[in-house]
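*Asks:*
Protein chains: 2
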Amino acid sequence: MPPSDPLREQIIAQYDVMSPQLQQAARYVLDHPEEVALVSMREVARYAAVQPATMTRLAKFLGLPGYDELRAQHAAALRQGSDGFAAKVRQRVDEGRETVASDTATHMLQGLSAQLAKLCEPDSLRRLEATADRLMSARKIYVLGLRSCHAIAWHFHYVMTLLGDRSVHLDGPGGTGGDALIRATSEDVMLVISIKPYARDALEVAQLAKEKGVGIVSITDSEVSPLVAMSAQTILCPTESDSFFHTLTPALAISEVLCSLLAEFDRPKTLEALQQVDEHLSHLNTYSTAIPRRQ
Amino acid sequence: MPPSDPLREQIIAQYDVMSPQLQQAARYVLDHPEEVALVSMREVARYAAVQPATMTRLAKFLGLPGYDELRAQHAAALRQGSDGFAAKVRQRVDEGRETVASDTATHMLQGLSAQLAKLCEPDSLRRLEATADRLMSARKIYVLGLRSCHAIAWHFHYVMTLLGDRSVHLDGPGGTGGDALIRATSEDVMLVISIKPYARDALEVAQLAKEKGVGIVSITDSEVSPLVAMSAQTILCPTESDSFFHTLTPALAISEVLCSLLAEFDRPKTLEALQQVDEHLSHLNTYSTAIPRRQ
DNA sequence: AAACCAATGATCCATATGTTTCATACTATA
DNA sequence: TATAGTATGAAACATATGGATCATTGGTTT
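Just so you know, the sequences run in chain order A and B.
The letter at position 207 of the first sequence is residue 195 when you use my numbering, and the numbering goes up by one with no holes.
The letter at position 56 of the second sequence is residue 44 when you use my numbering, and the numbering goes up by one with no holes.
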């Protein structure tokens, strides 16, 4: 339990001034915060051997509008688990009161921030690692992401291009995207990115690859995504945002982490490859730091 | 998230034979187990966008006596999860260096999370809002992002495409990307995305547009980026990561927030446009939820 | 076309919930 | 001892909740 819970500290601080019954209630709340979040007030009162009204009185005593708020706070604490990082983010939400328009922005960004923090959970990390391992041992990496997931697939492929020539982006004009699979073998792996609603074409191409013996790994949004069943490894990314659209930011973050893990797997080779890219692009005069003069 | 939860596995196993509404409910339950434990059934139903009765039906479908049992099981999982989590963390600490890879991942993800949280600062929010305002009043929005920023530009354009036809992506085969600017006027705005190293072509096209009177807004990485000087509005995004590569996750997040602000500006129109898209794509049979059968 | 069936939505119901009110018991001060 | 003030318990209240019922829909089969 994180000791940095403001409500808990308040209860402890005011404990001495409480009446005996309030103390008994407060003590139970302190000792069993999960129960407060999970069961009804009357039940908590029964466990604490206290009248239901006492729980309400406790909440009011603490300056809260009612018992519901007390439970809500315990629920929030439980939701975030021991992830102190997300807790800090959440804390800021209540502080700031800004313009209406930037409220939307703030909510979205803080939500995304929390989602990324959550990706640090052991389960996600394990999946990341396993997927990276699978990709490392591949001869070729076919990257597939259609429609909304195109951006993620493209970027993953772009970064991988900087590291070598193992990556093949399954995307081409006139529906020729899948053609690169012609010479795919069982030594290869395909990274499929797809979120709800799942593009039919992506599923079909992935299925085709699988039947050719290509190993499938995926980034998708749910345990019941059709990709899960056909993948050797899957990384789950949240996509909810309080806007009209699903967010791809967590998916991109995952993709970038995967690239990093792959790059770090062989640092010397990575460094060499990057230097090579630098030289090549500087010869092509690709980059600039000044506003171009035009005549 | 404990992957070995019998109830979860049962839901996953039976997911395929559920009716669409049940699937929708089940999907939410799988993706948000904490909410099931913490809030009322009706609220869960609201979040999952299903009828309250559907939640009851889901519980019965799973062989449980009622929804209460479903919540009880999730509550139990959460209870043991909260103190089980600390144990897992401790375990990881004891294991020590065994998982170097997930250390990298954790660092990256937490760093990204912090960067997104930082974007909520007043200055960033002001810039976001100003940029969104500028984009709203535009006749056409030309979107330009080359090389590493292509993914961001593409995704912004993709989302804007769902909302209407104001967006034009400046990207084409054979170096024809800038051609769409032929009919650009001073009523139009160009959104340029570029980070260091700045692609020379992007700067040139932007400069060309500016000389045609097109308003420039940009997403870039520094106050001294060449884009700042030529832009009416600029949003700064961090790009540092402890990997070899610059991260584009914050830039994507910003782009998504911009899209949301634009969408929210005219909710009725947005909803109508999205519905239109839905119909169109469903007629094209674009999406699927099942693994495609192949013969 | 007709008839059936499962699936979904809308409505109603009994109950449990959080809160309030009121009466009683307790304690401290004069 | 009398009394004011508080703490506690019991009961009543409006409401929200989970569950059940019935009508409607949409797709299949005969």
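Here a beta-carbon is modelled for each residue, glycine too, at the ideal position from N, C-alpha and C.
Bear in mind that the values here come from a model prediction, so they are computed numbers and not experimental data.
Would you please state the rounded distance, in angstroms, between the beta carbons of Leu132 (chain A) and Leu250 (chain A)? I believe it to be under 8 Å.
*Replies:* Between Leu250 (chain A) and Leu132 (chain A) the Cβ distance is about 17 Å, and since that is not below 8 Å, they are no contact.
*Asks:* Based on the DSSP secondary-structure assignment, which residues constitute the bridge partners of Gly165 (chain B)?
*Replies:* The partner list for Gly165 (chain B) (beta bridge, DSSP) is empty, contrary to what the question assumes.
*Asks:* What runs of the alpha helix (DSSP H), each 4 residues or longer, lie entirely inside the region 119 to 185 of chain A?
*Replies:* Counting whole runs of 4 or more residues, the region 119 to 185 of chain A contains the alpha helix (DSSP H) stretches 138 to 151.
*Asks:* Between Tyr146 (chain A) and chain B, is there a C-beta pair that is closer than 8 Å?
*Replies:* Yes - at least one Cβ of chain B is within 8 Å of the one on Tyr146 (chain A).
*Asks:* Ignore the nearest five residues each way along the sequence and tell me which others in Glu211 (chain A)'s own chain have a CB closer than 8 Å to its CB.
*Replies:* The residues are Leu224.
*Asks:* Indicate whether at least one CB of chain A lies closer than 8 Å to the CB of Gln2 (chain B).
*Replies:* It does not: the Cβ of Gln2 (chain B) has no partner Cβ on chain A nearer than 8 Å.
*Asks:* Identify the contact partners of Gln221 (chain B) in chain A, using a Cβ-Cβ distance below 7 Å as the criterion.
*Replies:* Here the premise fails: no neighbours, minimum Cβ distance about 14 Å.
*Asks:* Step through the CB atoms of chain B and report whether any lies within less than 8 Å of the CB of Pro256 (chain A).
*Replies:* Not closer than 8 Å to any Cβ of chain B, the Cβ of Pro256 (chain A) fails to qualify, so no.
*Asks:* Check each candidate in B:Glu109, B:Thr222, B:Leu134, B:Tyr16 and name the one with the smallest Cα separation from Leu46 (chain B).
*Replies:* Looking at the Cα atoms, B:Tyr16 is the closest of the given residues.
*Asks:* Could you tell me whether any non-hydrogen atom of the ligand NAP is closer than 7 Å to the CB of Met29 (chain A)?
*Replies:* This structure does not include the ligand NAP; it has no bound ligands of any sort.
*Asks:* DSSP three-state call for Leu262 (chain B): helix, strand or coil?
*Replies:* DSSP places Leu262 (chain B) in helix when its eight states are reduced to three.
*Asks:* Quick check on this structure: which residue in A:Ile(-1), A:Phe232, A:Leu191 has the alpha carbon closest to the alpha carbon of Ala217 (chain A)?
*Replies:* The option with the nearest alpha carbon to Ala217 (chain A) is A:Leu191.
*Asks:* Smallest Cα separation from Val147 (chain B): which of B:Ala65, B:Cys247, B:His138?
*Replies:* Of the listed residues, the one whose Cα sits closest to Val147 (chain B) is B:Cys247.
*Asks:* Would you verify that the beta carbon of Asp209 (chain B) is, or is not, closer than 8 Å to some beta carbon of chain A?
*Replies:* With 8 Å as the cut-off, Asp209 (chain B) does not count as an interface residue toward chain A.
*Asks:* Below 9 Å on C-beta distance, what does Thr154 (chain B) contact in chain A?
*Replies:* Going by the sequence as given, residue 154 (chain B) is Arg instead of Thr. Simply none; closest approach about 16 Å.
*Asks:* Give the single residue among A:Gly166, A:Ile129, A:Phe144, A:Val180 whose Cα lies nearest to the Cα of Ser155 (chain A).
*Replies:* Of the listed residues, the one whose Cα sits closest to Ser155 (chain A) is A:Ile129.
*Asks:* Alpha carbon to alpha carbon, how far is Ser112 (chain A) from Leu52 (chain A)? Give it in angstroms, no decimals.
*Replies:* Straight-line Cα distance between these residues: approximately 36 Å.
*Asks:* Would you call the region 5 to 22 of chain B and the region 197 to 214 of chain A touching, i.e. three or more CB-CB distances under 8 Å?
*Replies:* Judged by Cβ distances under 8 Å, the region 5 to 22 of chain B makes contact with the region 197 to 214 of chain A, as three or more pairs qualify.
*Asks:* Any beta-carbon of chain B closer than 8 Å to the one on His138 (chain A)?
*Replies:* Closer than 8 Å: yes.
*Asks:* Are the region 25 to 34 of chain B and the region 56 to 67 of chain B touching, with three or more C-beta to C-beta distances below 8 Å?
*Replies:* Yes: the two stretches touch, three or more of their Cβ pairs being nearer than 8 Å.
*Asks:* What does Gln12 (chain B) reach in chain A if we use C-beta pairs closer than 9 Å?
*Replies:* In chain order: nothing, as chain A lies at least about 10 Å away.
*Asks:* From Ala42 (chain A) to Asp(-7) (chain B), what does the alpha carbon distance come to, in whole angstroms?
*Replies:* For clarity, residue 42 (chain A) is Thr in the given sequence; the question names Ala instead. In a straight line, the C-alpha of Thr42 (chain A) is about 36 Å away from that of Asp(-7) (chain B).
*Asks:* Inspect the beta-carbon positions of Ile204 (chain A) and Ser219 (chain A) and report whether they are closer than 8 Å.
*Replies:* Closer than 8 Å, so yes.
*Asks:* Across which residues does DSSP place Gly203 (chain A) in a beta bridge pair?
*Replies:* DSSP lists A:Val177 as partners of Gly203 (chain A).
*Asks:* Please confirm if Asp19 (chain B) has its CB atom under 8 Å from at least one CB of chain A.
*Replies:* Chain A contact via Cβ: present.
*Asks:* Which same chain residues, not among the five before or five after Val245 (chain B), have their C-beta less than 7 Å away from its C-beta?
*Replies:* Taken in chain order, the residues that qualify are Leu116.
*Asks:* Ala105 (chain B) by DSSP, collapsed to three states: which one?
*Replies:* Three-state DSSP puts Ala105 (chain B) in a helix.
*Asks:* Indicate the three-state DSSP secondary structure (helix, strand or coil) for Thr90 (chain A) in the structure shown.
*Replies:* Checking the sequence shown, residue 90 (chain A) turns out to be Ser, not Thr. Here Ser90 (chain A) sits in helix by DSSP.
*Asks:* Write down the C-beta distance between Leu169 (chain B) and Lys200 (chain B) rounded to the nearest angstrom, noting that I regard them as a contact closer than 8 Å.
*Replies:* 7 Å between Cβ atoms; contact.
*Asks:* Using only alpha-carbon positions, find the residue among B:Ala187, B:His95, B:Gln(-2), B:Gln195 that is nearest to Leu104 (chain A).
*Replies:* Leu104 (chain A) has its Cα closest to that of B:His95, out of B:Ala187, B:His95, B:Gln(-2), B:Gln195.
*Asks:* Of all the residues that make up the region 95 to 108 of chain B, which are near chain A by a beta-carbon distance shorter than 7 Å?
*Replies:* If the cut-off is 7 Å between Cβ atoms, the region 95 to 108 of chain B has Met96, Leu97, Gln98, Leu100, Ser101, Leu104, Ala105, Leu107, Cys108 near chain A.
*Asks:* Span of the alpha helix (DSSP H) holding Leu10 (chain B)?
*Replies:* Note, Leu10 (chain B): alpha helix (DSSP H), 8 to 19.
*Asks:* Mind checking whether Thr258 (chain B) and Phe232 (chain A) have CB atoms under 8 Å apart?
*Replies:* Against a cut-off of 8 Å, the Cβ pair of Phe232 (chain A) and Thr258 (chain B) comes out as a contact.
*Asks:* For a contact meaning CB atoms closer than 9 Å, what does Met303 (chain B) contact in chain A?
*Replies:* The structure shown does not extend to residue 303 (chain B), since chain B is modelled only from -11 to 283, so the question has no answer here.
*Asks:* Is the separation between the beta-carbon of Val193 (chain B) and that of Leu158 (chain B) shorter than 8 Å?
*Replies:* A contact, by the Cβ cut-off of 8 Å.
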